[in-house]
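Respectively, the protein sequence lines represent chains U and C.
Residues 19 to 324 (the numbering used here) are what the first sequence spells out, left to right.
Residues 37 to 574 (the numbering used here) are what the second sequence spells out, left to right.
Data first, discussion second: the structure below is written as structure tokens.
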Amino acid sequence: MATYILRRLVQSALILLGVSFITFVLLYVLPADPVRQIAGRSATAATVESIRQQLGLDQPFLVQYGNYLWNLVQGDFGRSYLQKTEVAELLFSRLPATLLLLVAAIGCELLIGLPLGIIAALNRGKAIDNGLMLTSFLTVSSPQFVVALLLLFVFAVKLGWFPIGGYGTFAHLVLPAVTLGILGSGWYSRIMRSSMVDVLRADFIRTARAKGLGRSKVILGHALPNAILPIIAMIGIDIGLFMSGIVVVESVFGWPGIGQLAWQAIQRVDIPIIMGVTLVSACGIVIGNLIADLISPLIDPRIKLR
Amino acid sequence: MKKLILSTALATLMALPAFAPAQAQEPKRGGNMVVTYKDDVATLDPAIGYDWQNWSMIKSVFDGLMDYEPGTTNLRPGLAQSYEISEDGLTYTFKLRPGVKFHNGRELVADDVVYSINRVINPATQSPGQGFFSMIDGYDAAAAGKAATVAGVSAPDASTVVFKLSRPDATFLHVMALNFSSVVPKEAVEEAGADFGKKPVGTGAFKLTEWTLGQRLVFEKNADYWISGVPYLDSFTVEVGQEPVVALLRAQNGEVDIPGDGIPPAKFVDVMKDEAQKSLVVEGGQLHTGYVTMNVTKAPFDKVEVRRAVNMAINKDRIVQVINGRAVPATQPLPPSMPGYTKGYDGYKFDQEGAKKLLAEAGYADGFETELFVMNTDPNPRIAQAIQQDLKAVGINASIKSLAQANVIEAGGAGNAPMIWSGGMAWIADFPDPANFYGPILGCSGAVEGGWNWSKYCNEDLDKLAAEADSIVDPARVDERLAKWSEIYMKVMEDAPWAPVFNEQRYTLKSARMGGDNALYVDPVSIPVNYDYVFIKE
């Protein structure tokens, strides 16, 4: 177990190194000069060059990347080019909001997705199954921006049940979490359905039924614990999907998380922030997957970590 | 002895309360105003902040030697009680207003002004406003980091600041009214270090009391402000991270007083159709021109006939319709509210036949292929499509390159874009003077790699004329100076490196409880509003 975790940690570090390199390359070749953004439109060529030197952006690519990594291992994410604030400060001030939304959104996904998947599996081939799977297809493919605005308009503006965007109370959390929940629930309901269908066919379920166990006991006590396994792995992957979703959802709802920070930084070509958000997101995905892998053997003793 | 050609003893005579403009409504005091923005505020450091969002906030936290009358483009003394200009226009002597205090309680002295100007010019500050101060004697050495301080700024005593210029420059007083000239206390800057932009200390009407990153900034009234009775509000809160569409919904719901990013283009017609909402919208001009640049260094735009033909091919009235009439058609580079604007000049009339004839004269009877760069946010791609159709009608096939703002600016600066529609990146004047519309965007100094003169148009005769115009500092000869500027822009129109398309109007939506003259809500200098002078009626 210890060797497994150690090996996975080393792998994770390599993945993060790869992510940092690829992002750095992409930002380096981007046809937009951050120095010009900082220097503004009235700057003379001399001012532009002086700023370029001070930021070390006149150095060759590998030197810039090396410097970035060296600072990074010392915990220094650099300073935002335009906000002039420590990137670490910007990230950590916004991380709690994103984590809160992450937990709430995954909760919503499971709350909506799992029951739908189970109901569909139990009614396999019937109209209700087809209807639910069509719904899941629709939710997976709906644009987040539209769903977010629609929910906002109906439940906040027209009905007044929730505040119109913002952050701070439970009421503020509901709509963004539900938006992400609706969109992600489609994946869960589909996976839950197919996993449940497989399990329901298994011998032990037939045995359980033959023993005379009640329907609900068979489903909740025997089928569900066995069918849930792919869902655990899915949560690990889901963190990645979540990170792409929050950029839009946080912007629409005025949720002060790192997705909104990323969106603003991309528009302003604020490279240190873009790097910081990418690395923190990648870290989240790597850790999420690692945890999912570590939890699996606890639920299914047949899985051995090697 | 130097004879003084101007002395604003007038300013000294002005009783301070008179600084507050005469308002139609009697101002009420107190209350908190809520303003929203999509993006987080970048910085409140006056040496660094250079976007329209933080510009007016910085104006409310800091003061410079000069200022503008609220809601107008008229200069008035700020921290300076009076000033004198020497006859040769090379020496400006400012007398400071006594008893002005920073938010930290310390009294302002002349050394603070000297420190602040040196700080902006010092390359270590990385100020985007550095270049504005190039007329000050000793600028080059200081800006290059070769001298620790600027030779041309000094404080002979605690209440006097003297500027020596290397050339007469009629825009100098405007430069002293720019945010970059705001006076900052050295001890507060040194204490906060790189975080001064988040912990600003100035002399302004408001002080920053809370900044929660990504959420809100709260500005509270400075009770010791040197203009008595100002500001009227107890505080204003800037909520950030709010999409313009959501901000509008919140404003309609009474939760927001001013949506700072304005009315989203897609909602504009809805808002203006509804009489109740329309009555809350204030319309005003702004110092803005939207234009198409043509790279004069590369064929086919190296031929003046082609550039004139493009000017004639574009149907400006139709483009104004594309943006729901939120603009007026432009005839020249300067916007109508800018001094030096040539009245009675109609520009190039929409004339497709005439355009075709000019193209034929230039040897492009069958037209040509080119590219039109445009920033990819609404309504700019739609405007570019309208221009594309107009050009197509005279035989020019322009393919549209719709890119992120930074990429368009990069292509323009590098001279890789044959044509650029300036929308979203267009020039909005830093200060209300015709000179500000020339140098960086039409003059030779901007026509360099990375410069903002995307046409790469460089007419040395016009540069000379511009220098001549700006050497006229005597206020009595202001008409002569403006006539020269008018002449410059008329010559620009002859050479046609741009096709000016429209001058955008500003529309500010305010809640029903907000009071104060409408001019304060479309203040040409403070966008979206002049925080110091608006008030809450109830």
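Glycine included, every Cβ here is placed at the ideal spot set by N, Cα and C.
Values in this document were obtained by computation on a predicted structure and should not be read as measured data.
In the structure shown, Lys131(C) adopts extended strand secondary structure according to DSSP, grouped into three states. Under a 10 Å Cβ-count criterion, Ser234(U) is classified as exposed, with fewer than 16 other Cβ atoms of the shown protein chains found around its own Cβ. Assignment of Phe110(U) by DSSP, reduced to helix, strand and coil, places it in the helix class. Only those residues of the region 93-121 of chain U whose C-beta falls short of 8 Å from the nearest C-beta of chain C are listed: Arg97, Leu100, Gln101, Lys102, Thr103, Glu107, Leu108, Ser111, Arg112 and Ala115. Ranking Val265(U), Leu27(U) and Gly230(U) by CA distance to the CA of Val295(U) puts Val265(U) first. Burial state of Trp488(C) is buried, judged by a 10 Å Cβ sphere holding 16 or more other Cβ atoms.
The C-beta of Arg219(U) has fewer than 16 other C-beta atoms within 10 Å across all chains shown, which makes the residue exposed. Scanning chain U for C-beta atoms nearer than 8 Å to the C-beta of Val237(C) yields nothing, as the closest lies near 16 Å away. When 9 Å is used as the limit between beta carbons, Phe242(C) is near no residue of chain U, the shortest such separation being about 20 Å. Across the region 58-88 of chain U, CB contacts with chain C closer than 8 Å involve Gly58, Arg59, Ser60, Ala61, Thr62, Ala63, Ala64, Thr65, Val66, Ser68, Ile69 and Gln72, in sequence order along the chain. Cβ-Cβ separation between Asp499(C) and Cys480(C): approximately 5 Å, consistent with a contact (criterion under 8 Å). Taking a contact as a CB-CB distance under 8 Å, the pair Ile309(U) and Ser98(U) does not count as one, their CB atoms being some 31 Å apart. Inter-residue distance for Tyr175(C) and Gly399(C) is about 48 Å (C-alpha atoms, whole angstroms). Collapsing the DSSP output to three states places Gln282(U) in a helix. The C-alpha of Arg354(C) is placed about 43 Å away from the C-alpha of Ile200(U). For Val537(C) against Gly376(C), the beta-carbon gap comes to about 20 Å, at or over 8 Å, which does not count as contact.
At a cut-off of 8 Å between C-beta atoms, Ile182(U) counts as an interface residue with respect to chain C. Legend: CB atoms of the region 413-432 of chain C lying less than 7 Å from CB atoms of chain U are not found in any residue. With respect to the 8 Å criterion, Gln441(C) and Met455(C) are not classified as neighbours on the basis of their beta carbons. Under the Cβ distance rule, Val158(U) does not count among the residues neighbouring chain C, no pair being separated by less than 8 Å. Under DSSP, His324(C) takes part in a beta bridge, and its partners are Ile464(C). A contact between stretches requires three or more CB pairs, one per stretch, nearer than 8 Å, and the region 259-277 of chain C meets this requirement with the region 130-148 of chain C. Taking a beta-carbon distance threshold of 8 Å, Ala228(U) does not count as an interface residue toward chain C. Pro159(C) is classed as buried because its beta carbon has at least 16 other beta carbons within 10 Å across all chains shown.
A check of alpha carbon separations from Leu545(C) across Val225(C), Lys234(C) and Leu556(C) identifies Leu556(C) as the nearest. Here Arg54(U) is near Gly449(C), since their CB atoms are less than 8 Å apart. In the three-state reduction of the DSSP assignment, Ile321(U) falls in the coil class. If you draw a 10 Å sphere on the C-beta of Tyr381(C), you find fewer than 16 other C-beta atoms in it, and that means exposed. In the DSSP secondary-structure assignment, Leu201(C) is bridged to Ile172(C). A distance below 6 Å between beta-carbons, with the five flanking residues on each side excluded, links Thr72(C) to the following residues of its chain, in chain order: Glu275, Gln278, Ala283, Val292, Pro295 and Gly296. Listed as beta-bridge partners of Val410(C) by DSSP are Ser438(C). Neighbours of Ala442(C) in chain U, taken as residues whose beta carbon is under 7 Å from its own, are Ala50, Gln55 and Val287 in chain order.
Measuring C-alpha to C-alpha distances from Trp463(C) to each of Gln425(C), Gly451(C), Ile445(C) and Ala453(C) identifies Ile445(C) as the nearest. With fewer than 16 other CB atoms across the displayed protein chains lying within 10 angstroms of its CB, Arg513(C) is exposed. At a Cβ-Cβ threshold of 8 Å, Val484(C) and Ala63(U) count as neighbours. Less than 8 Å separates the beta-carbon of Gln541(C) from that of Val364(C).
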